[in-house]
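One structure is given below, encoded as structure tokens.
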Amino acid sequence: MSARSFSFQSGFCLSFGFSSTAHKVFDKSPQRHGHEAVASFVQGNVLGKKPTKYELCSALNCCAKTLNSHLGSQIHGKIVHSGFDQNLYINSSLVNVYTKCGSMGDAMKVFNGMEVHDEVSWTSMICGLSQNGQGGEALCLFKEMMTTLVRPNCVTYVSVISACTEQESVFRCGELLDAHVIMLGHESNSFVVSSLIDYYSKCGRMDKVVMLFGSCLASDDVVLNTMISAYTRNQQGEEALKVFVKMRDANASLSEHTLTSVLDACGALTVLQMGKQVHGLVTKMGSDQNTFVVGALINMYSKCGDIDEACHVFDQAGYKNNILWTSLITAYAQSGRGPDALRIFDHLVMEKRFYPDHVCFTVVLTACNHSGLLDKGISYFKKMTSDYNLAPEIDQYACLIDLYARKGDLNSAKKVMEEMPFDANAVMWSSFLSSCKEYGNVELGREAAYKLFELEPHSPVPYLILADLYAGAGLWDGVKNIRKLMNENGVRKSLAGWSCVG
DNA sequence: CTAGGGTTAG
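With this note's numbering applied, the first sequence corresponds to residues 11 to 512, in that order.
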């Protein structure tokens, strides 16, 4: 354990910070007793008592709970003056306060100023980076921790696994961390299990998910909530509902996370009756003002084709925020009423009632795509940067590529793929390839197909589309060559499991 | 003797 320093890598993921923090902070309503404890600390302070290190620590905890960075930094000053500025407990708390409030610079300053670190102080900083959308930095710091004599524990792994889950650039590290966890015998910790289940479900590795679920006690409610969303995410809504029904029948504690996830499952299965039952439960539990729950209700009703009820739920919500407005716009967009969705968006923007974020733009751009309003979509994309100072993320670039490609402007689509700050993925190349086929562009289609041969080496789809493209152009040698290529690369011609044929 | 970090939801 020696003095150390750490600097941010040139901010390649700074743009992720805001949106993910914003929603994590959302439901952390200040705790009443937290306020009381802070108040009593401040009162003691005013009366001139010198706080003990224990009192300082508790006060910092309350600041973290209530997201009060102002009081936190006042206490920070007190700490420096009272000579506790190398206390491990206090500094870990301080790092926690600053990261919870999104003051990453201050957190880093405290962390770097510590002469000695233990597993908790390392974990506080790693976790803080992860929760602020800086998963890459979180992993860097974890690697640095591994070079010291301090060993990570369960909490460290939970933080770093969730960092991998949310950040594409370090996504593949998750499996390695799983191996660590097993080696160290942490796989029975329910926090670790739920973070791993979440990770694998987002990789589409349901085999791993089911294995993890089977080998844990399965009574932890967060694990169960995670399973409901894992099944839903991977098109196994029936299984998701089974988990929920089991929870309900076992009198497990149902939270707003549970309601949100199970409503998602109902929407995916379009089972309106079940959805209405859950809606009843929402009312009974008094969760009808929780943004996530209300958003999920709107989504469920619109997926079940009941747009009127979706609007009714929206109207009933007392407080309308970005998430709810976005849910409403999504509801119209996915009910085949793209132009209505755009009208609501334009109206809100004009009246400055809300500032759209990345998620909202994805909905708007998708709506344009589905309604064939391609030029309109392109101009919305441009507005992201010009009017809202939002750096487009990979999802919005995917929409833009789609917009250009569907229009037949294949060169612009390709230019976006080459110049955007992300690597074009298989989904993008696939939709590009489909458009190449649509417009009979052999040259670009070939390029896209060969890219896909690398990105999805087992999929027959790009081979078949390219063969189609060649056939359409009368290039029969090319068609023959594709068959040869498939044999050479061991690609099976069966389309089973490859649903997205262009 | 008292104190610090964690999972799930658009």
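For every residue, glycine included, the Cβ atom is placed at its ideal position computed from N, Cα and C.
*What did DSSP end up calling residue 424 once you bin it into helix, strand or coil?*
helix
*asked:* Could you compute how far the alpha carbon of residue 499 sits from the alpha carbon of residue 469?
replied: 11 Å
_So, with DSSP's three-state summary, where would you put residue 142?_
coil
*Cβ pair count under 8 Å reaching 3, the segment 143–159 against the segment 93–112*: no
*Roughly how many whole angstroms lie between the Cα atoms of residue 449 and residue 239?*
Whole-angstrom Cα-Cα distance: 39 Å.
*Please determine if the segment 219–230 and the segment 198–206 are in contact, where contact requires at least 3 C-beta pairs separated by less than 8 Å.*
yes
*Please confirm whether residue 120 and residue 104 have their CB atoms less than 7 Å apart.*
yes
*In three-state DSSP terms, what is residue 437?*
It is helical.
_Neighbour-count burial assignment, residue 395, 16 or more Cβ in a 10 Å radius_ = Label assigned to residue 395: exposed.
*asked:* Out of 346, 344 and 321, which one is the CA nearest neighbour of residue 334?
replied: 321
*Helix, strand or coil for residue 348, going by three-state DSSP, please let me know.*
helix
*Under a Cβ-count criterion, where at least 16 other Cβ atoms within 10 Å of its own Cβ denotes burial, should residue 406 be classed as buried or exposed?*
buried
_Please report the distance separating the alpha-carbon of residue 378 from that of residue 339._
12 Å
_Tell me the DSSP secondary structure of residue 363 in three-state form._
coil
*Would you kindly report the start and end of the unbroken alpha helix (DSSP H) that includes residue 463?*
That run of the alpha helix (DSSP H) goes 452–465.
*What first and last residue would you give for the alpha helix (DSSP H) that runs through residue 288?*
282–295
*Near residue 373, what residues of its chain come up, given a Cβ to Cβ distance below 7 Å and the 5 sequence neighbours on each side ignored?*
336, 339, 340 and 343
*For residue 201, three-class secondary structure by DSSP*: helix
*Beta-carbon proximity check, residue 439 vs residue 458, cutoff 7 Å*: In this structure, residue 458 lies closer than 7 Å to residue 439 by Cβ.
*Run through DSSP, which three-state label would residue 502 get?*
coil
*Going by beta carbon distance, what residues of the same chain come within less than 7 Å of residue 328, once the five residues before and after it are set aside?*
Closer than 7 Å at Cβ, skipping near neighbours: 299.
*Pick helix, strand or coil for residue 164, following the three-state DSSP scheme.*
helix
_Per-residue DSSP class, three states only, for residue 447_ = helix
*asked:* I'd like to check one pair, residue 107 with residue 73: are the Cβ atoms closer than 7 Å?
replied: yes
*asked:* If you measure between the beta carbons of residue 92 and residue 137, is that distance less than 7 Å?
replied: No. Outside cutoff.
*For residue 78, does the three-state DSSP call read helix, strand or coil?*
DSSP places residue 78 in the coil class of the three-state scheme, outside both helix and strand.
*Enclosing alpha helix (DSSP H) for residue 321 [first to last residue]*: Taken as a continuous stretch (DSSP letters only), the alpha helix (DSSP H) holding residue 321 covers 317–326.
*Alpha carbon to alpha carbon, what distance is there between residue 404 and residue 127?*
Distance between the alpha carbons of residue 127 and residue 404: 37 Å.
_By the three-class DSSP mapping on this structure, what secondary structure does residue 215 have?_
coil
*Going by the CB atoms, is the gap between residue 197 and residue 191 shorter than 7 Å?*
yes
*What distance in whole Å lies between the Cβ atoms of residue 173 and residue 149, which are believed to be in contact at a cut-off of 8 Å?*
6 Å
*Could you tell me whether the Cβ atoms of residue 302 and residue 270 are closer together than 7 Å?*
yes
*For residue 485, which residues of its own chain have a beta-carbon under 8 Å away from its beta-carbon, when the five flanking residues on both sides are left out?*
452
*How close, in whole Å, do the beta carbons of residue 412 and residue 441 come, if the pair is a contact with beta carbons under 8 Å?*
5 Å
_Using a Cβ-Cβ cutoff of less than 7 Å, which residues in the same chain neighbour residue 369 once the five nearest sequence positions on both sides are dropped?_
336
*Considering only C-alpha positions, which residue in the set 115, 164, 159 and 157 is nearest to residue 133?*
164
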